[in-house]
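Quick note on numbering: the sequence shown equals residues 4 to 343 in the working numbering.
Note that CB positions come from ideal geometry on N, CA and C, so glycine has one too.
In this text the structure is predicted, and so the values were computed from the model without any measurement.
Shown next, in structure tokens, is the structure this report addresses.
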Amino acid sequence: MSLADFLNKLDELESEASAALQTVSDSEQLESLRVRYLGAKSGLFKDVQKLLGGIGGDDKPAAGKRLNEVKRSIQQALELAKDLVAGGSTAGSGPAPDPTLPGIPMRLGHLHPVTQTIEHLKEIMGRMGFSTAEGPEVEDPWHNFVALNIPEDHPARDPLDNFYLATAGAVAASEGSRLLRSQTSTVQIRVMESSKPPIRVISLGRVYRPDAPDATHFPMFHQMEGLLIDTEVTMANLKTVLRIFANNYLGGDVEIRFRPSFFPFTEPSVEVDFFWNGQWIEFGGAGMVDPAVLTGVGYDPEIYSGFAFGLGIERLCMRRHGITDIRDLFSGDLRFLKQF
Ligand code: PHE
């Protein structure tokens with residue numbers, strides 16, 4: 004017998020067996036098909052197998068390989084049919100399963116409201132050409148204080164007002180110490196150290212301060228830092244950027260107000276208030292980057308100027324969504340979180 008004839012016979016056997024096994028409805032029928040195809044004495048497979056002896060030596064390996072494949076394929080079809088028959092009989096006492104019934108809906112989660120806010124703020128600032136920068140939450144005093152013009156004896160560096168880490172051998176507030184950053188202004192320094200003007204970045208992330216939690220305070224919160232450095236930047240540019248931002252985020256025509264303030268790293272410095280729902284609300288601090296800070300990162304303050312701002316992200320999120328207690332945001336309570 005030629006190899007082609009042999010393979011043909013195998014193909015026929017395979018498709019016949021597969022078609023027959025698909026129609027099986029009970030275990031008796033299944034057993035008789037098993038005997039018909041794979042029966043040890045007179046099964047159809049056995050008949051074809053006997054023909055292998057008449058295949059020429061060179062063609063034997065190919066013929067044998069296909070023979071094994073077909074055997075396996077019939078065995079699999081039998082197993083499948085067995086499962087179907089078994090499934091049918093165990094469910095026999097109840098109604099047959101209805102595959103058209105709707106399934107159990109999957110519960111989908113969503114992003115945390117603060118994360119949603121961060122994405123929204125990035126999008127608004129991105130449209131004004133601000134790209135996003137990031138910095139570490141564990142900082143050294145250089146980036147959190149010194150480079151921001153906050154000298155060693157400054158009260159802002161007090162261990163009582165900062166989360167210093169128990170770094171081996173380092174005295175809190177000394178140069179070798181480490182702390183959880185108390186402000187995202189650290190990223191201003193990191194960006195300026197590693198790039199040249201013009202600069203237009205925002206940085207959004209966690210900051211840490213040892214405040215007792217109440218409706219408006221939490222020891223961890225988020226800030227959005229902004230930094231723009233170029234030639235001929237003025238306070239008017241700062242105010243315009245913040246007003247466009249507020250109009251976009253809070254909606255409508257939000258008024259903006261600057262109140263004189265003090266930050267060691269800006270001069271002049273201001274508190275930023277937005278007029279929202281009938282009242283003035285403080286959202287953060289801002290100012291023109293102090294020439295001492297520019298000099299410290301190697302920029303010439305005679306050529307470059309810029310502004311920086313830092314806004315409280317929870318404050319923005321809470322105002323926009325009418326949230327009255329910051330602790331709700333971090334309680335992990337799904338009844339609260341599901342509303343966003
Ligand atoms: N880092 C200041 C704070 O946390 C806010 C600020 C940022 C002020 C940038 C001026 C410029 O209070």
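For residue i, the three-state DSSP class (helix, strand or coil)
i: His-225; result: strand
i: Pro-144; result: helix
i: Ala-84; result: helix
i: Ser-21; result: helix
i: Met-321; result: helix
i: Pro-108; result: coil
i: Phe-333; result: coil
i: Leu-70; result: helix
i: Asp-303; result: coil
i: Arg-181; result: coil
i: Val-275; result: strand
i: Ser-76; result: helix
i: Asp-233; result: strand
i: Asp-62; result: helix
i: Phe-9; result: helix
i: Ala-99; result: coil
i: Asp-14; result: helix
i: Val-149; result: helix
Under 8 Å between C-beta atoms of residue i and residue j
i: Ala-289; j: Val-275; result: yes
i: Gln-191; j: Val-210; result: no
i: Leu-207; j: Leu-83; result: no
i: Pro-201; j: Asp-214; result: no
i: Thr-120; j: Ile-316; result: yes
i: Ile-77; j: Ala-66; result: no
i: Arg-181; j: Glu-155; result: no
i: Trp-279; j: Val-257; result: yes
i: Phe-248; j: Arg-203; result: no
i: Phe-312; j: Gly-287; result: yes
i: Val-117; j: Leu-314; result: no
i: Leu-41; j: Phe-48; result: yes
i: Val-292; j: Ile-232; result: yes
i: Ile-259; j: Leu-241; result: no
i: Val-27; j: Leu-16; result: no
i: Ala-318; j: Tyr-252; result: The sequence as given places Arg at residue 318; Ala does not occur at that position. The answer is no: Cβ separation not under 8 Å.
i: Pro-212; j: His-146; result: According to the sequence provided, residue 212 is Arg. The question's Pro does not apply to it. No.
i: Ser-198; j: Glu-228; result: no
i: His-115; j: Leu-337; result: no
i: Leu-13; j: Arg-75; result: no
i: Ile-3; j: Thr-234; result: In the structure as shown, the chain begins at 4 and stops at 343. Residue 3 is therefore absent and cannot be evaluated.
Bounding residues of the alpha helix (DSSP H) (the contiguous stretch that carries residue i)
i: Thr-189; result: 188 to 197
i: Met-238; result: 238 to 253
i: Ser-30; result: 30 to 41
i: Leu-50; result: Rather than Leu, the amino acid found at residue 50 in this sequence is Asp. Asp-50 -> alpha helix (DSSP H) spans 47 to 53.
Bridge partners - residue i, DSSP secondary structure assignment
i: Glu-155; result: Beta-bridge pairing links Glu-155 to no other residue.
i: Ile-269; result: In the sequence as presented, Ile is not what sits at residue 269; that position holds Thr. Paired residues: Phe-266, Val-292.
i: Phe-261; result: Val-275
i: Glu-285; result: Asp-276
i: Thr-135; result: Ile-205
i: Phe-166; result: Leu-183
i: Asp-214; result: Paired residues: none, contrary to the question.
i: His-220; result: Asp-217
Residue i: first and last residue of the uninterrupted beta strand (DSSP E) it sits in
i: Val-204; result: 202 to 211
i: Phe-339; result: Premise fails: Phe-339 lies in the alpha helix (DSSP H), 337 to 340, not in any beta strand (DSSP E).
i: Ala-295; result: Unbroken run through Ala-295 is the alpha helix (DSSP H), 294 to 299; no beta strand (DSSP E).
i: Val-117; result: That residue, Val-117, is in no beta strand (DSSP E); its alpha helix (DSSP H) goes 116 to 130.
i: Ser-308; result: 308 to 315
8 Å Cβ cutoff, residue i in contact with chain B
i: Arg-110; result: Among the chains in the structure shown there is no chain B, since it carries only a single protein chain.
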